[in-house]
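Structure, as structure tokens:
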Amino acid sequence: MEQLNFITNILGMNDKNIIILDYLDAGTHKEVISKLDYPASPASDFAQNISDILDGKEPNLTWTEQGVTLGVVVASEGYPLAYEKGVELPEKTSGDIITYYAGAKFAENGKALLSNGGRVYMLVTTADTVKAAQDKIYAQIAQQNTDGLFYRTDIGSKAL
């Protein structure tokens, strides 16, 4: 719980209603998936919030009062150990599923998007229930070519 308190303290959150849904410790790579909503506004607002926190200012965080936001990370096969780079990635999703790329780069021709790290991308959505969010995310992943990639199939399951 100490790590979880550390995370909420960094964000300046003292809300006892924050619910941690899942916690993953893969060696030195720790991830927390919580019932915290990502800002609904552009990514620049997120960057501004991080800047404000680092400058000791009060961040302007946006919280969702209804529903559940769920994200599933798609990683390079073999991660966190040795993994192949250069796996062609699916196009960014549209609609109510947001794709955040992390370990990715454009090919030299500037057209194809390729893996270039361990945690390659994350699909995020908000739905009325955890089950509905899972169904949406995993249906989207099932439509993608994930050769050379892997993802957990149990994200959010402890909350069911």
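Under this note's numbering, the residue at position 107 of the sequence shown is numbered 107, and the numbers go up by one with no gaps.
For each residue, glycine too, the CB sits at the ideal point set by N, CA and C.
Please read these numbers as outputs of a predicted model, since none were measured by experiment.
Going straight from the alpha carbon of residue i to that of residue j, what length do you get?
i	j	result
I162	T62	Residue 162 cannot be examined here, being either before or after the span of the chain that is shown, 1 to 160.
F106	L123	19 Å
N116	T126	27 Å
D128	Q48	28 Å
Y83	T146	14 Å
E58	Q66	24 Å
Short of 7 Å in beta carbon distance, which residues of its chain neighbour residue i, apart from the five on each side in sequence? Order them along the chain.
i	result
Y161	Residue 161 is absent from the structure shown; the chain starts at 1 and stops at 160.
F168	What the structure shows of the chain is the stretch from 1 to 160, and residue 168 is not part of that stretch, so it cannot be assessed.
L160	V130, K131
On the DSSP bridge list, what partners appear for residue i?
i	result
K105	L114
S76	L149
G71	V124
E88	L114
T99	L123
Does the distance from the C-beta atom of residue i to that of residue j stay below 8 Å?
i	j	result
A139	V68	no
G148	L114	no
I137	L70	yes
V130	G156	yes
Near residue i, what residues of its chain come up, given a Cβ to Cβ distance below 6 Å and the 5 sequence neighbours on each side ignored?
i	result
R119	V73, A75, A102, G103
A112	E88
- Does the region 87-99 touch the region 51-59, meaning 3 or more C-beta pairs lie closer than 8 Å? no
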